[in-house]
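To start, the structure under review is shown below, and the notes come after it.
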């Protein structure tokens with residue numbers, strides 16, 4: 001007798017002929033665009049897609065093409081390397097973390113014998129991207145270990161795969177040392193070591209000294225010429241810069257990858273320029289650990305500010321032990337005795353335990369300030385009404401997504417809650433480089449997952465033609481104030497009194513825009529500027545964005 005799954009497969013085997021014709025003839029990138037559009041309609045579609053992708057990968061054996069790396073004088077980074085990496089990322093995305101880790105073992109073993117010039121940037125970045133892949137894979141493994149009562153122990157098979165991976169990385173470290181090659185797997189090496197043995201020590205980092213004018217307990221003080229330009233606001237008893245550096249990009253090599261040495265060097269550069277506040281989360285790859293690594297090496301750690309998150313995506317037993325354990329985990333990664341700001345995300349609004357969890361966090365003396373992440377107005381108001389002392393809510397806010405102005409603003413103003421905003425630059429679309437540019441292909445090389453998301457939002461807001469009109473207006477305002485389009489877009493959000501800070505995504509070790517970002521400080525949009533921007537906004541469908549997506553944070557539910 002046929003099983004239910006076999007009956008289901010038989011039932012769905014038929015596809016309309018014309019639909020099949022579309023699938024057979026649309027270019028691959030067009031199919032990706034159509035599929036992505038479908039997945040935004042309902043979460044159920046994503047479940048089906050991920051399930052079917054997993055089935056496909058499981059029934060199609062993958063033979064690793066050899067050699068994985070090229071042989072001089074050919075490029076070391078060959079087509080075979082990218083084929084294997086694509087399979088690694090596919091299996092990881094489909095929830096087959098063990099399969100991806102086994103493939104990563106093979107790649108790292110193959111890399112042991114590599115000898116490449118120190119100026120071979122392609123080879124260095126490719127190996128750094130493998131480091132990023134391992135970081136993302138370990139994050140996926142950690143997610144599977146999460147249970148309603150806390151973290152479970154590794155199963156025997158899980159432990160065996162991770163030990164093989166650690167052995168491969170250890171061999172690579174030994175093999176590269178005599179060749180004076182940088183060990184570019186440092187980030188993942190630390191993560192795997194700590195997952196297998198939480199007592200494993202973080203590798204020592206060179207001590208970074210605060211600027212000469214900085215005292216250990218005082219805010220890091222950049223050069224006076226920079227210090228005078230930094231705008232601040234007060235929140236939770238701290239005076240903070242109005243620009244935070246966001247570390248979401250460390251969660252995946254999709255935004256680029258860099259060796260840990262470059263990442264730490266950019267932290268030092270940013271702190272010395274006045275960027276002392278950083279936003280991260282428990283699921284942003286190794287963002288907490290990297291920040292903690294830098295913080296531990298910095299001579300004035302108390303002058304830095306960490307805004308991290310406690311995100312509850314699934315079932316959880318809200319008990320003092322479970323909640324305290326999560327705080328302890330955050331502190332361990334941050335290498336700190338307290339959390340400056342803990343932002344709480346609660347996926348299921350129908351579960352009333354949310355307020356109980358927040359009251360436990362508020363009572364934990366290790367949490368210096370408590371905020372929310374992606375909460376809508378009504379649920380934020382309910383938490384405030386319950387007496388939970390929150391200081392912030394992190395939500396999306398930009399010229400393209402002005403949902404906070406519809407309902408959130410009034411409650412924030414009345415209750416003195418500050419908004420910490422992300423997506424303010426729409427993944428980089430609100431920038432000079434996109435002025436007078438044609439509409440991009442959604443899966444064109446160089447476009448990031450964030451840009452694919454914000455490109456869709458631009459379409460809902462008003463489309464590419466109106467977006468170009470907006471960029472033109474912003475460009476004229478930018479020239480008037482001698483700043484960039486990105487600065488104007490940032491300033492538009494900062495000029496709302498209930499906004500505390502804008503989070504600017506930072507590709508640590510990959511690219512930096514610190515000097516440009518500083519130009520968002522020290523001025524305001526005048527009435528003429530606001531009227532010019534509003535003249536474009538009235539042509540947009542900004543109210544439709546609120547209606548289609550719901551209130552702040554609804555897109556994640």
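Residue numbers (full-length UniProt numbering): 1 to 557. Each residue gets a CB set at the ideal place from its N, CA and C atoms; glycine is no exception. Just so you know, these numbers come straight off a predicted model, no measurement behind them.
Presumed contact (8 Å Cβ cut-off) between residue i and residue j, rounded CB distance
i	j	result
residue 246	residue 510	With 8 Å as the limit, residue 246 and residue 510 do not qualify as a contact, their Cβ atoms being about 14 Å apart.
residue 90	residue 66	Actually they are not in contact, since the Cβ atoms of residue 90 and residue 66 sit about 19 Å apart, beyond 8 Å.
residue 554	residue 348	Wrong, their Cβ atoms sit about 13 Å apart, outside the cutoff.
residue 514	residue 269	7 Å
residue 342	residue 361	6 Å
residue 318	residue 353	4 Å
residue 506	residue 285	So it is not a contact: roughly 14 Å between Cβ atoms.
residue 196	residue 105	The Cβ separation is near 14 Å, so there is no contact.
Span separating the alpha-carbon of residue i from that of residue j
i	j	result
residue 395	residue 419	7 Å
residue 406	residue 546	8 Å
residue 47	residue 325	30 Å
residue 141	residue 23	34 Å
residue 496	residue 358	27 Å
residue 50	residue 94	6 Å
residue 307	residue 330	11 Å
residue 167	residue 538	60 Å
residue 525	residue 34	39 Å
residue 443	residue 302	42 Å
residue 378	residue 551	9 Å
residue 256	residue 386	43 Å
residue 238	residue 81	48 Å
residue 508	residue 281	16 Å
residue 441	residue 29	8 Å
residue 64	residue 158	22 Å
residue 180	residue 114	12 Å
residue 39	residue 272	43 Å
residue 530	residue 478	13 Å
residue 328	residue 103	33 Å
residue 215	residue 373	With a pLDDT of only 34 at residue 215, under 50, the local geometry of the prediction cannot be trusted, and no value is derived from it.
residue 322	residue 155	21 Å
residue 414	residue 370	18 Å
residue 250	residue 187	11 Å
residue 469	residue 544	19 Å
residue 236	residue 62	53 Å
residue 109	residue 169	8 Å
Any non-hydrogen atom of the ligand MG within 7 Å of residue i CB
i	result
residue 291	Only the bare structure without any ligand can be found here, which leaves the ligand MG out of the picture.
C-beta contact flag for residue i and residue j at 8 Å
i	j	result
residue 390	residue 461	no
residue 453	residue 427	yes
residue 107	residue 71	no
residue 111	residue 172	yes
residue 336	residue 542	no
residue 340	residue 309	no
residue 424	residue 450	no
residue 448	residue 175	no
residue 100	residue 53	no
residue 338	residue 311	no
residue 517	residue 185	no
residue 431	residue 485	yes
residue 560	residue 463	Look at the range of the chain in this structure, 1 to 557, and you will see that residue 560 is not part of it.
residue 191	residue 289	yes
residue 277	residue 501	yes
residue 316	residue 148	yes
residue 382	residue 411	no
residue 421	residue 499	yes
Exposure label - residue i; buried when at least 16 CB within 10 Å
i	result
residue 570	What the structure shows of the chain is the stretch from 1 to 557, and residue 570 is not part of that stretch, so it cannot be assessed.
residue 203	Reliability of the predicted coordinates at residue 203 is poor, the pLDDT of 46 falling under 50, and the value obtained from them is presented with this limitation in mind. The residue in question, residue 203, is exposed, as its Cβ has fewer than 16 Cβ neighbours within 10 Å.
residue 305	buried
residue 519	buried
residue 77	buried
residue 163	exposed
residue 26	exposed
residue 300	buried
residue 350	exposed
residue 493	buried
residue 15	exposed
residue 582	What is shown of the chain runs 1 to 557, which leaves residue 582 out entirely.
residue 131	buried
residue 97	buried
Taking contact to mean at least 3 C-beta pairs separated by less than 8 Å, is the region 283-296 in contact with the region 245-265?
yes
Determine contact between the region 142-153 and the region 119-127, defined as no fewer than three beta-carbon pairs at a distance below 8 Å.
The answer is no - the region 119-127 does not touch the region 142-153, with fewer than three Cβ pairs under 8 Å.
Would the region 468-477 and the region 522-536 be scored as touching if the rule is three or more Cβ pairs under 8 Å?
Contact holds: three or more Cβ-Cβ distances are below 8 Å.
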